[in-house]
Amino acid sequence: MRRRKNVAGYILLIAVQLVSLLLSGCTPGAVTTPAPFSTKPLTNTPTLTVVPVVATPTTIPASVTPAATPISRAPTATPLPLPTFTLKSGDFYFSIADRPSFIFSRNPTGKTQADFDTVLEWAHQGGSRLIRVHLTHGWWEDPWINPDGTVNETWAKDWERFFDQAAADGIYLIPVFGVWADWNNGTPDWGSPLWLYNPLNAANGGPVEAPGELFQLDSATQQLWLKWMKTLVERWQGRENIVAWEIFSEINIASGAPGQIDPKGGVAETAGVDFTKRTTAVIRDADPRQRPLTLSLAGVYQETDQWAEFYHLPALDFIEIHPYTDQLDRELIANVSRQLAKYNKPVFIGESGLWSLNRADKAAPGIRHAIWAGVVSGAMNGRALWDQDGYSIYFYNDRTEALRFMEKYAATEQAAANFAGDLDVSGFKPLTVNFPARTKVWGGAIGSDKTIVGWFRDAACEPPDWNLLPQISGQTITIVAPGSASTWQVDFYDTRTGTKVIASTTVTRQGAGLTISLPDFTDDLAFKAYPVAGAISTSVPPPVTDLIAGQWMGTITNEAGNFSTRIELSIQPSCQIGQVCGTVTAPQLPCSGKLVLQEITGDIFVFMEQGMQGATFCASGGYESLQLQADGTLSFRFTLTSPEGEKTNSSGRLARP
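Numbering (the working numbering), first residue to last: 228 to 884.
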């Protein structure tokens, strides 16, 4: 989920504005809607006492580091034509100039033109090609909608000037029309009930009494909002640098409508489905280019809880995740893999960040590692930070301090962008990586039969201190490699530049695995591997499932011995790694799903459970390890790691019926 916002800070800032106006002798007008804060969760928030303070300066004092000074920019008079930026049907990555590419994205915002100039320039310097913009958050002077549902013209022109600047820099856009906080009145309580400032709120002169009215099918409020959204789509559909539309951000924590409220007080999944179908139909009608559509959820609930099936909706072309955790790199790799397995749709990192350690002095390695983890996660994009990309401008009382904080991360993705810039990610999928016992490294790999990309770091470099070993030596990893090439060349890269090759080697396939010896390194390294020309394995055919093909059934028991259930497997013959090779059914639960072959090592077959259906607790992403025994039975071992890192293990013996 997006990090909780400091509501007390809103009140204080309004007080600051009013006091500043009074001290200057001006008569205050209507208080404008403040943009959102993004801070860590509040605990024991003291009672606010408003005292006279001096308003935050609108220009940066001379004492600020020069690079943090707001950058004044103007759109290029004759910008170069933009390459096509599309999401082709069946692809899991955006294509730039018809080449599937891994891209970096940001979440910029600002109060003023100077703010937007600065964060956009940083995105350009860092190599980010895509920005996700919350249209209702930014440009403090004007509301985003008029009471009659028409677009505020001044507000729209501010955004259009920014869109022009982005296009001149070769940067593409995903506009976000709605966000949960604007439609949250404190229930569910995630810290930012910004309904108080929504221009449609009746308390502010608008026509809407309660935020949940937006999610009542065909209500007057919904019709008003759809009118506003459709006007913007029609107005902007001709812009070359808009590549997709995000209808709403984190809808599951907006306040629910009467009769359509989930147990926690938010929008119910059924109402969300109706809202999504209604809004996607409006956009499809208004956008002749039929850009891809998405709508995001906050990751605040268990995947077996509310909204577990929402992303299966055909109306959504790709899905989003919003991970916030202090072990962000590990969460990215695990989360993306789960989402790909469950939904079989492209996964976009909408926003992300550290949780309790976001502003810690030692946090930079955690952010940098998360950026590199994104490259090998299977997601469409990387970086996609929240506070570091722009939203710190709201939660620091001192604007100078906010800019200094963000400047530390102004180009953190640049080396990774250099590394990924020439990759054709056609057919890329997350790959299984096996680590030996007592390994000192952790990371991930992704690839196809043409290219494998990996990133690995010091496994001990973890929060809160991110301490490093002086040197990592003598480490190996084994990757289950696609295709049949017998020999691969591996080039290792310095992650500080993304371009410097620090070592190279060749490795030979052993069965399905490539065992790669890593050179000595400190902190982390990355590699690209390519099949050696002509090195196709012809003497050993690709391993298949013939040894265990057929029907199997039996009882499995968990490690504690307090749970057991019957399980039935069906394994197809002649099935290869990466293919759907059978089904699994636990009829007593009930759960059922598909088995995708991940690895064959000798007589051990490893499958991943995908598309699990049935009871609410049925989860995809579990691994089944099967081994044929001398007595003709099948040894079965199962492991599932939950989103919180908890492991479930069970085992048993299966027999043919």
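The beta carbon of each residue, even a glycine, is placed where N, CA and C say it ideally should be. Small disclaimer: the values here were computed from a predicted structure and weren't measured.
Looking at the backbone, the Cα of Asp416 and that of Asn428 are separated by about 19 Å.
Of all alpha-carbon atoms in Gly337, Gly820, Asp750 and Lys491, the one lying nearest the alpha-carbon of Glu689 is that of Asp750.
Here Pro310 has Ile323 and Ala324 as same chain residues with Cβ atoms under 7 Å from its own Cβ, once five neighbours each way along the sequence are excluded. Per DSSP, the beta-bridge partners of Ala730 are Phe719. Classified as exposed, Gln737 has fewer than 16 neighbouring CB atoms from the shown chains inside 10 Å of its CB. By the beta-carbon neighbour count (other beta carbons within 10 angstroms, threshold 16), Asp342 is buried.
Beta-bridge pairing by DSSP links Arg359 to Ile401. Considering only Met835, Ala590, Gly465 and Glu826, the residue with the shortest C-alpha distance to Val811 is Met835. Leaving aside the five residues that flank Ile699 on each side, the residues in its chain whose CB is nearer than 8 Å to its CB run, in chain order, Lys667, Val668, Asp685, Leu745, Asp747, Phe748 and Thr749.
When C-beta atoms of the segment 718 to 725 are compared with those of the segment 754 to 761, three or more pairs fall below 8 Å, so the two segments count as touching.
C-alpha of Pro402 to C-alpha of Arg883: approximately 55 Å in a straight line. Cβ neighbours of Pro770 within its own chain (closer than 8 Å, five residues either side excluded): Gly738, Ala739, Gln803, Ile804 and Ile827. Under the criterion of beta carbons closer than 8 Å, Asn379 and Asp369 qualify as touching, at roughly 5 Å. Its chain contains Ile831, Val833 and Arg864 as the residues whose beta carbon lies nearer than 7 Å to that of Ser852, once the 5 sequence neighbours on both sides are disregarded; these appear in chain order. Taking each of Gly601, Leu650 and Leu867 in turn and checking the Cα distance to Ser332, the smallest one comes out for Gly601.
By the criterion of at least three beta-carbon pairs nearer than 8 Å, the segment 721 to 731 is in contact with the segment 634 to 653. Between the alpha carbons of Asp318 and Phe537 lies a gap of roughly 20 Å. Distance between Arg586 and Gln641, taken at the CA atoms: about 21 Å. The segment 769 to 785 makes no contact with the segment 702 to 709: fewer than 3 CB pairs, one atom from each, lie closer than 8 Å. Counted as a single uninterrupted DSSP element, the beta strand (DSSP E) harbouring Tyr757 occupies residues Asp751 to Pro758. In the three-state DSSP reduction, Phe442 falls in the helix class (H, G or I). With fewer than three CB-CB distances shorter than 8 Å, the segment 563 to 572 does not count as touching the segment 586 to 597. Cβ neighbours of Gly841 within its own chain (closer than 7 Å, five residues either side excluded): Leu816, Pro817, Cys818 and Ser819. Around the beta carbon of Lys338, a 10 Å sphere encloses 16 or more other beta carbons of the protein chains shown; the residue is thus reported as buried. Per DSSP, reduced to three states, the secondary structure at Ser675 is coil, with no helix or strand assignment.
CA-CA distance, Leu555 to Trp613, rounds to 13 Å. Taking a contact as a CB-CB distance under 8 Å, the pair Asn608 and Ile358 does not count as one, their CB atoms being some 11 Å apart. Judged by DSSP secondary structure, Trp455 falls outside any beta strand (DSSP E) and instead within the alpha helix (DSSP H) spanning Ala447 to Trp463.
Gln854 is not a Cβ neighbour of Ser847, given a cutoff of 7 Å. Note that the segment 628 to 640 does not touch the segment 657 to 665; fewer than 3 beta-carbon pairs, one per stretch, sit closer than 8 Å. The beta carbon of Gln856 sits closer than 8 Å to the beta carbons of Ser862 and Arg880 from its chain, once the five residues preceding and following it are set aside; these are given in chain order.
In terms of Cβ geometry, Gly617 and Pro335 form a close pair [threshold 7 Å]. Judged by DSSP in its simplified three-state form, Ile804 adopts coil rather than helix or strand.
Annotation: Gly710 to Asp676 spans about 5 Å, alpha carbon to alpha carbon. In the displayed model, Tyr618 falls within a helix according to three-state DSSP.
Rounded to the nearest whole angstrom, the CA to CA distance from Ala664 to Gly829 is 19 Å.
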